[in-house]
Amino acid sequence: MKKIFTFLFAALVFVSCNNTKKSTVLGDEKAGKDIIGWYYYNVMQDSYDSIPKLMNEDFYNDQQQAEFIKTLKERDSAYGNITSFVLDKWEMTDRDKKAKTKDFYFEYKVKYENEPAEVVEKIYLAKKGNDLKISKFEFSK
(Lines of atoms letter the chains of each structure in order from A; the text may use other names.)
(Lines give C-alpha, C1' and ligand atoms only; values in the text may rest on other atoms or scores of the structure.)
Protein backbone atom coordinates (compact mmCIF):
# COMPACT_ATOMS: atom_id res chain seq x y z
CA MET A 1 0.00 0.00 0.00
CA LYS A 2 2.85 2.35 0.85
CA LYS A 3 4.43 1.71 -2.57
CA ILE A 4 1.17 2.56 -4.32
CA PHE A 5 0.90 5.91 -2.52
CA THR A 6 4.55 6.67 -3.28
CA PHE A 7 4.01 5.86 -6.96
CA LEU A 8 0.81 7.96 -7.15
CA PHE A 9 2.51 10.90 -5.43
CA ALA A 10 5.48 10.72 -7.83
CA ALA A 11 3.12 10.58 -10.81
CA LEU A 12 1.17 13.58 -9.48
CA VAL A 13 4.36 15.63 -9.04
CA PHE A 14 5.57 14.72 -12.55
CA VAL A 15 2.24 15.65 -14.17
CA SER A 16 1.96 18.95 -12.30
CA CYS A 17 5.53 19.95 -13.23
CA ASN A 18 4.80 19.15 -16.88
CA ASN A 19 1.61 21.25 -16.78
CA THR A 20 3.51 24.15 -15.22
CA LYS A 21 6.11 24.01 -18.02
CA LYS A 22 3.35 24.03 -20.68
CA SER A 23 1.64 26.92 -18.91
CA THR A 24 4.87 28.94 -18.92
CA VAL A 25 5.39 28.28 -22.63
CA LEU A 26 1.81 29.33 -23.41
CA GLY A 27 2.29 32.45 -21.28
CA ASP A 28 5.46 33.34 -23.20
CA GLU A 29 3.65 32.86 -26.52
CA LYS A 30 0.75 35.07 -25.41
CA ALA A 31 3.09 37.77 -24.11
CA GLY A 32 4.98 37.74 -27.42
CA LYS A 33 1.75 37.98 -29.40
CA ASP A 34 0.65 40.91 -27.22
CA ILE A 35 3.87 42.87 -27.79
CA ILE A 36 3.79 42.21 -31.53
CA GLY A 37 0.07 43.02 -31.62
CA TRP A 38 0.82 46.42 -30.11
CA TYR A 39 3.58 46.92 -32.67
CA TYR A 40 1.21 46.21 -35.58
CA TYR A 41 -1.53 48.32 -33.98
CA ASN A 42 0.84 51.30 -33.79
CA VAL A 43 1.98 50.78 -37.39
CA MET A 44 -1.62 50.54 -38.60
CA GLN A 45 -2.55 53.71 -36.69
CA ASP A 46 0.58 55.55 -37.90
CA SER A 47 1.59 55.99 -34.24
CA TYR A 48 5.28 55.61 -34.94
CA ASP A 49 6.29 57.51 -31.79
CA SER A 50 4.93 54.67 -29.64
CA ILE A 51 7.00 51.93 -31.29
CA PRO A 52 10.36 52.68 -29.58
CA LYS A 53 8.74 51.84 -26.22
CA LEU A 54 8.36 48.27 -27.48
CA MET A 55 11.98 47.97 -28.62
CA ASN A 56 14.90 46.66 -26.60
CA GLU A 57 17.42 49.43 -25.87
CA ASP A 58 20.24 46.87 -25.74
CA PHE A 59 19.76 46.19 -29.46
CA TYR A 60 18.43 49.53 -30.72
CA ASN A 61 19.99 52.85 -29.79
CA ASP A 62 18.21 56.14 -30.60
CA GLN A 63 19.76 56.42 -34.06
CA GLN A 64 18.85 52.84 -34.98
CA GLN A 65 15.29 53.38 -33.74
CA ALA A 66 14.98 56.50 -35.91
CA GLU A 67 16.28 54.59 -38.95
CA PHE A 68 13.83 51.77 -38.27
CA ILE A 69 10.89 54.20 -38.02
CA LYS A 70 12.01 55.77 -41.30
CA THR A 71 12.03 52.30 -42.91
CA LEU A 72 8.51 51.64 -41.60
CA LYS A 73 7.25 54.91 -43.08
CA GLU A 74 8.87 54.06 -46.44
CA ARG A 75 7.22 50.62 -46.40
CA ASP A 76 3.89 52.21 -45.56
CA SER A 77 4.12 54.62 -48.50
CA ALA A 78 5.27 51.85 -50.89
CA TYR A 79 2.94 49.02 -49.82
CA GLY A 80 0.03 50.93 -48.29
CA ASN A 81 -1.61 50.15 -44.98
CA ILE A 82 -1.52 46.72 -43.38
CA THR A 83 -4.79 44.87 -44.00
CA SER A 84 -3.99 41.74 -41.97
CA PHE A 85 -1.23 40.01 -40.04
CA VAL A 86 -1.32 36.35 -39.07
CA LEU A 87 1.12 34.41 -36.90
CA ASP A 88 2.65 31.63 -39.00
CA LYS A 89 5.09 30.14 -36.46
CA TRP A 90 7.00 30.92 -33.31
CA GLU A 91 9.66 29.31 -31.14
CA MET A 92 11.91 29.96 -28.18
CA THR A 93 15.39 30.15 -29.67
CA ASP A 94 17.60 30.58 -26.60
CA ARG A 95 17.30 30.42 -22.84
CA ASP A 96 19.67 31.24 -19.98
CA LYS A 97 18.20 30.23 -16.63
CA LYS A 98 20.97 31.89 -14.60
CA ALA A 99 20.58 35.29 -16.26
CA LYS A 100 16.79 34.79 -16.53
CA THR A 101 16.76 35.58 -20.23
CA LYS A 102 14.87 34.07 -23.15
CA ASP A 103 14.90 34.83 -26.87
CA PHE A 104 11.92 34.23 -29.14
CA TYR A 105 11.29 34.17 -32.88
CA PHE A 106 7.89 34.99 -34.38
CA GLU A 107 7.06 34.82 -38.07
CA TYR A 108 4.02 36.68 -39.40
CA LYS A 109 2.38 36.70 -42.82
CA VAL A 110 1.34 40.28 -43.50
CA LYS A 111 -0.93 41.62 -46.23
CA TYR A 112 -0.64 45.21 -47.43
CA GLU A 113 -3.13 47.24 -49.50
CA ASN A 114 -0.83 47.83 -52.48
CA GLU A 115 1.09 44.53 -52.38
CA PRO A 116 -0.71 41.49 -53.83
CA ALA A 117 1.65 38.90 -52.30
CA GLU A 118 1.89 38.14 -48.60
CA VAL A 119 4.99 39.56 -46.99
CA VAL A 120 6.81 37.46 -44.38
CA GLU A 121 7.99 39.50 -41.40
CA LYS A 122 10.24 37.92 -38.80
CA ILE A 123 10.25 39.51 -35.36
CA TYR A 124 12.69 38.54 -32.62
CA LEU A 125 11.92 39.21 -28.96
CA ALA A 126 14.22 39.22 -25.94
CA LYS A 127 12.95 38.61 -22.42
CA LYS A 128 15.05 39.68 -19.46
CA GLY A 129 13.33 38.89 -16.17
CA ASN A 130 9.73 39.94 -16.82
CA ASP A 131 10.61 42.57 -19.44
CA LEU A 132 9.80 41.45 -23.00
CA LYS A 133 10.92 43.70 -25.87
CA ILE A 134 11.45 43.55 -29.62
CA SER A 135 15.12 42.96 -30.43
CA LYS A 136 15.23 42.50 -34.21
CA PHE A 137 13.12 42.71 -37.38
CA GLU A 138 13.55 41.02 -40.75
CA PHE A 139 11.35 41.89 -43.72
CA SER A 140 11.14 39.61 -46.75
CA LYS A 141 10.74 42.42 -49.31
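Read in order, the letters of the sequence shown are residues 1 to 141 in my numbering.
Beta carbons: idealized from backbone N, C-alpha and C, even for Gly.
Being a predicted model, the structure only gives us computed values, none of them experimental.
Residue i to residue j span [Cα, whole Å]
i	j	result
LYS133	LYS127	6 Å
VAL43	GLU115	16 Å
ASP58	ALA31	19 Å
PHE68	TYR48	10 Å
ASP131	GLY37	16 Å
ILE123	TYR105	6 Å
GLU167	TRP90	Absent from the model: residue 167. The displayed extent of the chain is 1 to 141, so no value can be given.
When the options are compared against residue i, the one with the closest alpha-carbon
i	options	result
GLU107	ASP46, GLU118 and PHE68	GLU118
LYS136	LYS109, ILE51, LYS98 and MET55	MET55
THR83	ASP28, ASP46, TYR112 and GLY129	TYR112
Own chain, CB closer than 7 Å to residue i, minus 5 neighbours either side, in chain order
i	result
PRO52	GLN65
Cβ shell of residue i (< 6 Å), same chain only, five flanking positions each side left out
i	result
GLU121	TYR108, VAL110 and PHE139
THR93	ASP103 and TYR105
Same chain, Cβ closer than 8 Å to residue i, neighbours up to 5 away in sequence not counted
i	result
GLU74	none
C-beta atoms of residue i and residue j nearer than 7 Å
i	j	result
GLY129	LYS97	no
PHE85	TYR40	yes
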